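In the numbering used here, the protein residues as written are 565 to 1040.
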């Protein structure tokens, strides 16, 4: 597998030429990827997430392992009106890009770890502020030590993976938790493929599965990652069975019968194409088509309400189809699940409201900033803006009372979250697949306190040593 390395912002390359011309492109740097705060509603500016469910590590490492510049891409770049002349003036840089491979060290939390970001709080409980500089504190997604050239080439694509997959996973876990709160046996199925870009759909399916969705409708996600794939049928299939002069209830039942013969143990029939509760259509046709025993399940894709679901359950039971499960889809999210409450739903098909995260649709605000240059800690000050960063190499200790962020060379009580995933001399280290990440996410979320699972304006404690380093960097 080879991935193009050209998925970067132009300013990464223009500034790279400047550094290279000054002999600085080989400087050793440390770059930290993080979010400054938890996502907020685009409508009300209120917090809408309790944590960020870290997702995307595997794809980030894939990019580091396989990204390359090909001859065609380099030729195109040399023809760019702004960048081209600068590259032609530095043919050694072009050759360096041609042979470029990632080399460095990467530390990260395990994929599926809930992360928190917010105002940095000192040990005395006060907001960390030094001469008007007020940094956030955060659990990093990635901390990468490499050369300056490489850091410029990887920042943009890694942020793309982090922002998209963590956004979807952080939304999906809300949906899954809402279903689980109503009792065991209620599954969430990811149905969002048609509502996003084809490649994004595969990664969204992966993110939703990591967050606890039982399955996806996306076949490529099954092929690529081994994620369980499930599906029912579509209105297209039922309408395509229509014949001139034949009543629709007959063609609907005929298609149900044919589908049941093909998939006798997995026949979830879509019953709302014509009339869910009609005397000849919908649920009644589904039960007749299966010889009176009822299909494995029915799906209702419109007019979802407590009354609709209860009426469907009552009719199935009346017709003798007590084992038939009820799945609902169409405009579903965690709020719709709660609105349905104890209505007898067995599964929820969630599409666009997982993959687009409409209440917080702009990623998770992930950014990447330098935290060390040529062995010296550095930070972005941004006086008065609230965008100050933390300097140096970090570690996060997970504790029952909340995370503590400190310097990597410290020791504290708690579970350290960042661990090596790529080493200078060994390359990429073997890591867990999406199924193991899913199990880790479930266990990690279950270990959070009720307060830590509620959307809030988070604060994060920092160690005294890190606070001292901030002060030295600000006043340095």
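Glycine is no exception: its CB is placed at the ideal position from the N, C-alpha and C atoms.
Model, not experiment: these values are computed from the prediction.
Straight-line gap, residue i to residue j (C-alpha atoms, nearest Å)
i	j	result
residue 900	residue 720	35 Å
residue 659	residue 641	13 Å
residue 745	residue 753	16 Å
residue 952	residue 700	7 Å
residue 605	residue 1020	12 Å
residue 664	residue 762	29 Å
residue 984	residue 667	14 Å
residue 673	residue 981	5 Å
residue 592	residue 786	40 Å
residue 573	residue 800	42 Å
residue 751	residue 903	16 Å
residue 809	residue 912	36 Å
residue 780	residue 653	50 Å
residue 586	residue 576	16 Å
residue 636	residue 616	39 Å
residue 995	residue 625	10 Å
residue 986	residue 630	14 Å
residue 735	residue 918	6 Å
residue 678	residue 731	12 Å
residue 790	residue 765	15 Å
residue 968	residue 693	17 Å
residue 655	residue 584	11 Å
residue 566	residue 632	7 Å
residue 1033	residue 783	50 Å
residue 990	residue 998	23 Å
residue 1037	residue 1029	12 Å
residue 620	residue 767	9 Å
residue 773	residue 696	43 Å
residue 775	residue 894	20 Å
residue 898	residue 1002	19 Å
Residues near residue i in its chain [Cβ-Cβ closer than 7 Å; skip 5 each side]
i	result
residue 638	658, 661 and 662
residue 797	823, 833 and 834
residue 612	603, 604, 605, 923, 924 and 1019
residue 947	696 and 697
residue 817	849, 852 and 853
residue 866	836 and 894
Per DSSP, cross-strand counterpart(s) of residue i
i	result
residue 891	863 and 911
residue 678	617
residue 706	597
residue 1023	683
residue 567	631
residue 611	604
Close-in-space but distant-in-sequence residues of the same chain around residue i (CB under 6 Å, 5 per side omitted)
i	result
residue 598	702 and 704
residue 716	576 and 580
Proximity winner among the options, relative to residue i (alpha-carbon distances)
i	options	result
residue 712	581, 828, 603 and 1005	581
residue 852	830, 883, 831 and 841	883
residue 891	708, 933, 794 and 633	794
residue 756	1015, 915, 847 and 889	915
residue 594	1002, 969, 680 and 710	710
residue 676	848, 943 and 1011	1011
residue 907	897, 878, 932 and 895	878
residue 578	651, 623 and 601	651
residue 771	725, 816, 645 and 803	725
residue 958	686, 1004, 972 and 627	972
residue 802	836, 792 and 943	836
residue 839	876, 1009, 861 and 854	876
residue 683	601, 618 and 646	601
residue 859	722, 819 and 896	819
heavy atom of the ligand COA below 7 Å from residue i C-beta
i	result
residue 713	Among the components of this structure there are no ligands whatsoever, and the ligand COA is therefore not found.
Sequence-distant residues of its chain with Cβ nearer than 8 Å to residue i (five each side left out)
i	result
residue 669	708, 709, 710, 984, 986, 987 and 988
*Unbroken beta strand (DSSP E) runs of length 3 or more, entirely within the segment 926-989: which are they?*
Every beta strand (DSSP E) stretch that sits fully inside the segment 926-989 and reaches 3 residues is listed by chain position as 930-937, 958-962, 968-971 and 983-987.
*In the segment 718-786, which residue ranges form an unbroken beta strand (DSSP E) of at least 3 residues, counting only runs that do not cross its ends?*
Fully enclosed beta strand (DSSP E) runs of no fewer than 3 residues occupy 751-754 of the segment 718-786, in order along the chain.
*Let me know the alpha helix (DSSP H) ranges lying completely inside the segment 808-864, each 4 residues or longer, listed in chain order.*
The segment 808-864 contains, as complete alpha helix (DSSP H) runs of 4+ residues, the segments 812-826 and 846-853 (chain order).
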